[in-house]
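Novice: Counting from 1, position 56 in the sequence shown corresponds to residue 55 in numbering that gives the first Met the number 0; the numbering is continuous, with no gaps. We put the CB at the ideal spot given by N, CA and C, even for glycine. Dropping the structure in here first, questions after.
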Amino acid sequence: MEAIIKNHKDIEFVKHPKHIEVYKKDLTNNDENGRLSAHYLHIMPGGEIVPHTHEVLEVFYIMSGKGSALINGERQTAEAGSVIIAPIGSEHGLKNDGDEIIELYAVFSPGI
Numbered sequence: 000m001e002a003i004i005k006n007h008k009d010i011e012f013v014k015h016p017k018h019i020e021v022y023k024k025d026l027t028n029n030d031e032n033g034r035l036s037a038h039y040l041h042i043m044p045g046g047e048i049v050p051h052t053h054e055v056l057e058v059f060y061i062m063s064g065k066g067s068a069l070i071n072g073e074r075q076t077a078e079a080g081s082v083i084i085a086p087i088g089s090e091h092g093l094k095n096d097g098d099e100i101i102e103l104y105a106v107f108s109p110g111i
């Protein structure tokens with residue numbers, strides 16, 4: 000892969016097929032770079048990244064909004080500035096129980 004610059008503004012949102020009212024932009028994916036994939040997401044009020052697991056590491060960085068994250072079987076507050084780290088095989092999720100869109104980046108390693 001050669002070096003490139005992308006702007007997420009040039010990538011259209013698509014509805015995530017597995018989650019509730021979650022929209023994503025794939026910034027990079029496994030086809031472009033097998034070492035990681037990066038995604039920009041919006042979780043609408045009432046929406047949810049439903050609890051799930053992966054065979055890869057996932058890290059969320061919340062840029063704006065507030066919700067409740069499922070981590071280690073417990074719900075915890077996650078808000079702008081929070082980093083959620085979900086190791087391989089750990090169940091995790093994020094629910095927007097607020098009034099504003101949750102805006103976040105998610106990075107997977109290796110990429111999905």
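Does the beta-carbon distance from Ala79 to Lys65 come in below 9 Å?
Specialist: Here residue 79 refers to the residue found at position 80 of the sequence shown. Here residue 65 refers to the residue found at position 66 of the sequence shown. Yes. Within cutoff.
Novice: Apart from the five residues on each side of it in sequence, which residues of its chain come closer than 7 Å, Cβ to Cβ, to Gly97?
Specialist: Indexing the sequence shown from 1 puts residue 97 at position 98. Pro44, Gly64, Lys65, Gly66.
Novice: Quick check on Ile48: buried or exposed, where buried means 16 or more other Cβ atoms within 10 Å of its Cβ?
Specialist: Along the sequence shown, one-based indexing puts residue 48 at 49. Per the 10 Å Cβ criterion, buried.
Novice: If you reduce the DSSP assignment to three classes, tell me which class Lys94 lands in.
Specialist: Sequence index remark: in the sequence shown, residue 94 carries index 95 (1-based). In this structure, Lys94 counts as strand in the three-state DSSP scheme.
Novice: State the beta-bridge partners of Ala2 as determined by DSSP.
Specialist: Here residue 2 refers to the residue found at position 3 when the sequence shown is read from its first residue. Answer by DSSP bridge pairing: none, since Ala2 is not bridged.
Novice: If I follow the unbroken beta strand (DSSP E) through His7, where does it start and stop?
Specialist: The residue given as residue 7 occupies position 8 in the sequence shown. From DSSP, His7 is part of no beta strand (DSSP E); its letter is neither H nor E.
Novice: Quick one: is Asn32 buried, meaning 16 or more other Cβ sit within 10 Å of its Cβ, or exposed?
Specialist: Counting from 1 along the sequence shown, the entry for residue 32 is found at position 33. Exposed, since its Cβ has fewer than 16 Cβ neighbours within 10 Å.
Novice: Assign Pro44 to one of three DSSP states: helix, strand, or coil.
Specialist: Your numbering for residue 44 matches position 45 in the sequence shown. DSSP places Pro44 in strand when its eight states are reduced to three.
Novice: Val58: which of Glu73, Ala77, Gly46, Lys17 sits nearest, CA to CA?
Specialist: In the sequence shown, the residue the question calls residue 58 occupies position 59. The shortest Cα separation from Val58 among Glu73, Ala77, Gly46, Lys17 belongs to Ala77.
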